[in-house]
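Notes to accompany the following structure.
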Amino acid sequence: MHKSLLVLALLTSACVVPIPETQAMKDARVPVLPANPCETKSTGKCNYINAPVVLQSKPIRLKDRPLPFFRTAREIEFVDARPNKWVAPRNTLTDGASIPKMFFKLIGTPRSKEFINAATLHDAYCGVGNETLPQYHSDIWQNVHRMFYDALRVDGTPATKAKIMYAAVYLAGPRWNMPGTAPKVRAVPGLMVLSAPLTNGPPNTPLPKLIPEDMLIKAMQEAILYINKTNPSLRRLETYLRKSELGMLAQVSKGAADSNQTSANSSSANY
């Protein structure tokens, strides 16, 4: 509390000098989402290179993972709608799904030839077992999940199914911090330096670490109904998912506050 007051006092009494953002910092904090996602193949973007993915024959079992994994036998590339090139190098580990386990009963085990290329690329950037790849977490999670949707559509996945799978990775898929995405305050004699960037976007912590599983499953059920009923654009779906996320976080926060208040009242009654 005292530290917070001290920082506030310094900010109000001293010069506050924002450090200019570098282009890398801007790129790291802002999802570079194109106005229109990929919906079909086109020239120069929205296409695969060296597809389909070829997997090595030896299965690999990972702890707490229901499906066997396989390593890729060769590199596969994809150019999304930005256009930006994504690469899953040889020996990328994939289970061919990329969908959170908690949603299997809602979506089915999404493992088929029409998903394998997109799943392999997605796994290269955020899948378990690929932490040593140079691609791993090399872009922000929003862009990686958006690439997953683009890759699904270009590979022939129907729009409704691709949106449902996108919603699944948004709600319960991996999230991570990128360098330069956390605001920092540095004390300098005579002034306070506030380093950019400051953001109010979605949390970079995976939602299963913040929100109970049953609440996420309910949110996914509602998202599936929303997609099937309204056939939203991807932009509208992203807005819907963000609102759903905020609602769940607020509900969890309120529950924690109510629990703390109940504990405080109980403690007071014991005196």
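Numbering (my numbering), first residue to last: 736 to 1006.
Yeah, the Cβ is synthetic: ideal placement off N, Cα and C, and Gly gets one too.
- For E973, the closest of L906, L942, N912 and A991 by C-alpha to C-alpha distance is L906.
- Short of 7 angstroms from the beta carbon of D885, and not among the five residues preceding or following it, lie these beta carbons of its own chain, in chain order: P772, C773, C781, D815 and A816.
- Of all alpha-carbon atoms in K840, F813, W821 and P787, the one lying nearest the alpha-carbon of Q956 is that of K840.
- In the structure shown, R806 adopts extended strand secondary structure according to DSSP, grouped into three states.
- When secondary structure is reduced to three states using DSSP, T829 falls in the strand class.
- A residue is called buried when at least 16 other Cβ atoms come within 10 angstroms of its Cβ; I795 does not meet this threshold and is exposed.
- Taking all protein chains shown into account, L797 has fewer than 16 neighbouring C-beta atoms within 10 Å of its C-beta and is therefore exposed.
- By the Cβ rule, the stretch 851-867 counts as touching the stretch 875-890, because three or more pairs are nearer than 8 angstroms.
- Annotated three-state conformation of K780 is coil, per DSSP.
- Between L790 and A808, the CB-CB gap stays under 8 angstroms.
- At a Cβ-Cβ threshold of 8 angstroms, I842 and T895 do not count as neighbours.
- Taking 8 angstroms as the upper bound for CB-CB distance, I834 and A823 are not in contact here, some 17 angstroms apart.
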